[in-house]
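> Okay, handing you the structure first.
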């Protein structure tokens, strides 16, 4: 609700978001409002809504990314323990993977630009959970995919290798086959987590549509993490400390194959989510505004076209909300 006169104050006070004019508005209206437009420019409201949606989206993407990556590590360790296998990742490797694979991409997620259709969405239900249907499906599918792919990689490589133990049950040596199995598992899991940074840039849009270079911070973060990954397996002192081994070309082929499978699974998941959104739109019609991902055709609202005029208005309105 927007207004500037004394008679607008009750409606502005009762609205979910009351907006008063900063120049022409009365003091009573300003006090009743949640937002005051310093320049009395209605375009500022559109820019503010877009920025608010971008912030909410990025928080959701950040949560999806971290939960899917961390759940994959937990799932991998639980599966191997349940199968009475040697653990695929040592404590130091898990810490190393969390630092290089989780932190940089997660930080880059905070500066992700708004999606092209962000203003074509109807208003979301204020009482809706942060993690909606699409977010929960994304976390479960991607986490399970990374778990199963890394677990399959490990059991195919490790064979019957077991660590030798002494009379007290302490591990005394690690067979070469087990070391390579752990290295390959570490590589495939970490690479999938790094690509999750690109995949998580959108819940429903295909990776091939949004591309890899739309967020430069993400590109730099992944490159830094990838460099640390290579140092961890190819620099002898670091590899010895992590109990890993430098892989050959064939190992990298298997790792890339696992990554390709994960990307395929996530693309199928996003295809399903797009179908689900269209189905919800057809089913609920105008009432589909309760679903935050549905298109604007559900409500007939299209607040902003994503064109050059939008960028110009954003520049003019920057910093005008008090």
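Numbering (this note's numbering), first residue to last: 885 to 1206.
Ideal Cβ placement from N, Cα and C applies to all residues, glycine included.
Whole beta strand (DSSP E) runs in the segment 1052-1092 with 3 or more residues, listed along the chain?
Within the segment 1052-1092, the complete beta strand (DSSP E) runs of at least 3 residues are 1055-1057.
> Could you spell out the range, first to last residue, of the alpha helix (DSSP H) harbouring residue 890?
Walking along the chain shown from the start, residue 890 turns up at place 6. Counting along the chain, residue 890 falls outside any alpha helix (DSSP H), and DSSP gives it neither H nor E.
> Would you tell me roughly how many angstroms separate the C-alpha atoms of residue 1049 and residue 1108, rounded to the nearest one?
For the purposes of this step, residue 1049 is identified with residue 165 of the chain shown, where counting begins at 1. For the purposes of this step, residue 1108 is identified with residue 224 of the chain shown, where counting begins at 1. Confidence in residue 1049 is poor, its pLDDT being 46 and thus under 50, which makes the residue's placement unreliable; the coordinate value appears in the next sentence. Using only the alpha carbons, I get a separation of about 38 Å.
> How would you label residue 967, buried or exposed, when you count the other beta carbons within 10 angstroms and need 16 or more for buried?
Indexing the chain shown from 1 puts residue 967 at position 83. By the neighbour-count rule (16 or more Cβ atoms within 10 Å), residue 967 is not buried but exposed.
> Could you name each continuous alpha helix (DSSP H) segment of 4 residues or more that falls completely within the segment 1087-1129, going from the start of the chain to the end?
As far as the segment 1087-1129 is concerned, its whole alpha helix (DSSP H) runs of at least 4 residues are 1091-1094, 1100-1118, 1120-1126.
> Let me make sure I understand the geometry here. Which of 905, 1027, 1008 has the alpha-carbon closest to that of residue 923?
As a first step, residue 923 must be located in the chain shown, where it is residue number 39. The candidate whose alpha carbon is nearest that of residue 923 is 905.
> Pick from 1117, 1098, 1129: whose alpha carbon is nearest that of residue 992?
The residue you call residue 992 lines up with position 108 of the chain shown. Cα-wise, what sits closest to residue 992 is 1098.
> Once the 5 residues before and after residue 937 are set aside, which same chain residues still bring their CB inside 8 Å of it?
Start at 1 with the first residue of the chain shown, and residue 937 comes out as number 53. The residues are 998, 1002, 1003, 1005.
> Taking the C-alpha atoms as reference points, what is the distance between residue 1130 and residue 1022?
As a working mapping, residue 1130 is identified with position 246 in the chain shown. As a working mapping, residue 1022 is identified with position 138 in the chain shown. The straight-line gap from Cα to Cα measures roughly 33 Å.
> On the DSSP bridge list, what partners appear for residue 905?
The residue labelled residue 905 in the question sits at position 21 within the chain shown. DSSP lists 921 as partners of residue 905.
> If we ignore side chains and look at the alpha-carbon of each, how far apart do residue 1105 and residue 1146 end up?
Counting from 1 along the chain shown, the entry for residue 1105 is found at position 221. Counting from 1 along the chain shown, the entry for residue 1146 is found at position 262. Taking the straight line joining both Cα atoms gives about 20 Å.
> Contact check, residue 957 vs residue 983 under 8 Å by CB: the rounded distance?
Your numbering for residue 957 matches position 73 in the chain shown. Your numbering for residue 983 matches position 99 in the chain shown. Not a contact, Cβ separation roughly 13 Å.
> Any idea what DSSP makes of residue 939, helix, strand or coil?
Numbered from 1 along the chain shown, position 55 holds the residue referred to as residue 939. The answer is helix: DSSP assigns residue 939 an H, G or I state.
> CB-CB under 6 Å to residue 909, same chain, minus the five flanking residues each way: which ones, in chain order?
Your numbering for residue 909 matches position 25 in the chain shown. Within the same chain, residue 909 has close Cβ partners 888.
> Output the distance between the C-alpha atoms of residue 1012 and residue 1122, rounded to the nearest integer angstrom.
For the purposes of this step, residue 1012 is taken as residue 128 along the chain shown, with counting starting at 1. For the purposes of this step, residue 1122 is taken as residue 238 along the chain shown, with counting starting at 1. Cα to Cα, residue 1012 sits roughly 46 Å from residue 1122.
> Measuring only the C-alpha atoms, how far is residue 1139 from residue 942?
Position 255 of the chain shown holds residue 1139. Position 58 of the chain shown holds residue 942. Distance between the alpha carbons of residue 1139 and residue 942: 29 Å.
> Thinking just about the alpha-carbon of each residue, which of 1103, 928, 1034, 950 is nearest to the one in residue 960?
In the chain shown, the residue the question calls residue 960 occupies position 76. Here the closest residue by C-alpha is 1034.
> On the DSSP letters alone, give me the boundaries of the alpha helix (DSSP H) that residue 980 sits inside.
Along the chain shown, read from residue 1 onward, the residue named residue 980 stands at position 96. Where residue 980 is concerned, the enclosing alpha helix (DSSP H) stretches over 975-981.
> I'd like the list of long-range same chain contacts for residue 891, defined as Cβ closer than 8 Å, with 5 residues on each side in sequence excluded.
On the chain shown, residue 891 is found 7 positions in, with the first residue counted as 1. Excluding sequence neighbours, residue 891 sits near nothing in its chain.
> Can you tell which of 1084, 1100, 1159, 1128 has the C-alpha that lies nearest to the C-alpha of residue 944?
Counting from one through the chain shown, the residue named residue 944 turns up at place 60. Comparing Cα-Cα distances from residue 944 to each of 1084, 1100, 1159, 1128, the minimum goes to 1084.
> Indicate whether the contact test is met: 3 or more Cβ pairs, each with one atom in the segment 1067-1076 and one in the segment 1152-1170, closer than 8 Å.
At 8 Å Cβ cutoff, the stretches do not touch.
> Count the other CB atoms within 10 Å of the CB of residue 1019; is the residue buried (16 or more) or exposed (fewer)?
Residue 1019 sits at position 135 when you count from the first residue of the chain shown. Buried.
> List the endpoints of the continuous alpha helix (DSSP H) containing residue 1209.
Nothing about residue 1209 can be reported from this structure: the residues present for the chain run from 885 to 1206 only.
> Name the residue from 1081, 1089, 940 whose alpha carbon lies nearest to the alpha carbon of residue 1100.
Position 216 of the chain shown, counting from 1, holds the residue named residue 1100. Measuring from the Cα of residue 1100, the nearest candidate turns out to be 1081.
> Should residue 965 go down as buried or exposed, given a rule of 16 or more other Cβ atoms within 10 Å for buried?
Position 81 of the chain shown holds residue 965. With fewer than 16 other Cβ atoms within 10 Å, it is exposed.
> Determine the direct distance from the alpha carbon of residue 1039 to that of residue 1094, and round the result to whole angstroms.
As a first step, residue 1094 is located in the chain shown; it is residue number 210 there, counting from the start. As a first step, residue 1039 is located in the chain shown; it is residue number 155 there, counting from the start. If I take the Cα positions, the gap works out to 34 Å.
> Cβ of residue 848 within 8 Å of Cβ of residue 1042?
With the chain running from 885 to 1206 in the structure shown, residue 848 is simply not present.
> With DSSP as the reference, label residue 1145 as helix, strand or coil.
On the chain shown, residue 1145 is found 261 positions in, with the first residue counted as 1. Helix at residue 1145.
> What separation, rounded to the nearest whole angstrom, lies between the Cα atoms of residue 1079 and residue 1157?
Stepping through the chain shown from its first residue, residue 1079 is reached at position 195. Stepping through the chain shown from its first residue, residue 1157 is reached at position 273. Going from the Cα of residue 1079 to the Cα of residue 1157 covers about 20 Å.
> Taking the alpha carbon of residue 1007 as the point to measure from, which residue in 1120, 933, 1027, 1114 has its own alpha carbon closest?
Against the chain shown, residue 1007 aligns to sequence position 123. Out of 1120, 933, 1027, 1114, 933 has the C-alpha closest to the C-alpha of residue 1007.
> By the DSSP assignment, the alpha helix (DSSP H) with residue 993 in it spans what residues?
Looking up residue 993 in the chain shown gives position 109. Note, residue 993: alpha helix (DSSP H), 987-993.
> Is the CB-CB distance between residue 986 and residue 1077 below 8 Å?
On the chain shown, residue 986 is found 102 positions in, with the first residue counted as 1. On the chain shown, residue 1077 is found 193 positions in, with the first residue counted as 1. Closer than 8 Å, so yes.
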